[in-house]
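A.B. asks: In the numbering used here, the protein residues as written are 1185 to 1347.
From the three backbone atoms N, C-alpha and C, an ideal C-beta is built for every residue, glycine too.
Note that the coordinates shown come from a computational prediction; the quantities given were computed from them, not determined experimentally.
Structure, rendered in structure tokens:
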């Protein structure tokens, strides 16, 4: 029985989100690397960039990963910048931590396609090479309040749960 892990999104979903990239989406799709831990003691699963690009000073880019995550309903996947990128190069996540909810998986809008928004806070351009590690995902349990009464079903992707 599957409990948590990663899959590629469909080729059609990937093509929708990756059209702005420099290479053919079909070729990039075949090269997607599923996240994995670097060592047996690592908490995070490394996400890799799928194509070479430059992030200019002050620039924000939203990177399609081609990945979706499944997990137990009382878990989420926290997306964090790799500390070496932040410390050495001033690359940060725009939202500080990305929260991938369990019901984001296979949602009707984007299949749960994980997108990573990064910003270059330094005064030097940073070049990402295809396959570079950009972020890490950590599965975590969460708790709900005694009086929780949420009954809304997710129908879309990023921002679909309201303002």
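Can you tell me whether residue 1242 is buried or exposed, with buried defined as 16 or more other CB within 10 angstroms of its CB?
C.D. replies: Residue mapping note: residue 1242 aligns to position 58 of the chain shown, counting from 1. With fewer than 16 Cβ atoms within 10 Å of its Cβ, residue 1242 is classed as exposed.
A.B. asks: Run through the DSSP bridge pairs and tell me what residue 1232 is partnered with.
C.D. replies: For this step, residue 1232 is matched to residue 48 along the chain shown. Per DSSP, 1317.
A.B. asks: Provide the residue span of the beta strand (DSSP E) that contains residue 1192, from first to last.
C.D. replies: Here residue 1192 refers to the residue found at position 8 when the chain shown is read from its first residue. Run containing residue 1192: 1189-1192, per the beta strand (DSSP E) assignment.
A.B. asks: Counting C-beta neighbours from all protein chains within 10 Å, is the total for residue 1231 16 or more, i.e. buried, or is it exposed?
C.D. replies: The residue labelled residue 1231 in the question sits at position 47 within the chain shown. By the 10 Å Cβ count, residue 1231 comes out buried.
A.B. asks: Who does residue 1282 pair with in a DSSP beta bridge?
C.D. replies: To locate residue 1282, count along the chain shown from 1; it is residue 98. DSSP output for residue 1282 lists 1263 as bridge partner(s).
A.B. asks: For a test of the three-state rule: what should DSSP assign to residue 1239, helix, strand or coil?
C.D. replies: Position 55 of the chain shown, counted from the first residue, corresponds to residue 1239. For residue 1239, the three-state secondary structure derived from DSSP is strand.
A.B. asks: Given a cut-off of 8 Å on the beta-carbon distance, is the pair residue 1233 and residue 1266 in contact?
C.D. replies: Residue mapping note: residue 1233 aligns to position 49 of the chain shown, counting from 1. Residue mapping note: residue 1266 aligns to position 82 of the chain shown, counting from 1. Not in contact: residue 1233 and residue 1266 (Cβ atoms no closer than 8 Å).
A.B. asks: Please identify the residue among 1264, 1257, 1235 whose C-alpha is closest to the C-alpha of residue 1250.
C.D. replies: Stepping through the chain shown from its first residue, residue 1250 is reached at position 66. Its Cα nearest to that of residue 1250, the residue 1235 stands out among 1264, 1257, 1235.
A.B. asks: As a quick exercise: from 1296, 1272, 1260, 1271, pick the residue whose alpha carbon is nearest that of residue 1285.
C.D. replies: One-based indexing of the chain shown puts residue 1285 at position 101. It is 1260 whose Cα lies nearest to the Cα of residue 1285.
A.B. asks: Pick out whichever of 1213, 1238, 1305, 1244 has its Cα sitting closest to the Cα of residue 1270.
C.D. replies: The residue labelled residue 1270 in the question sits at position 86 within the chain shown. Taking only the C-alpha atoms, the option nearest residue 1270 is 1305.
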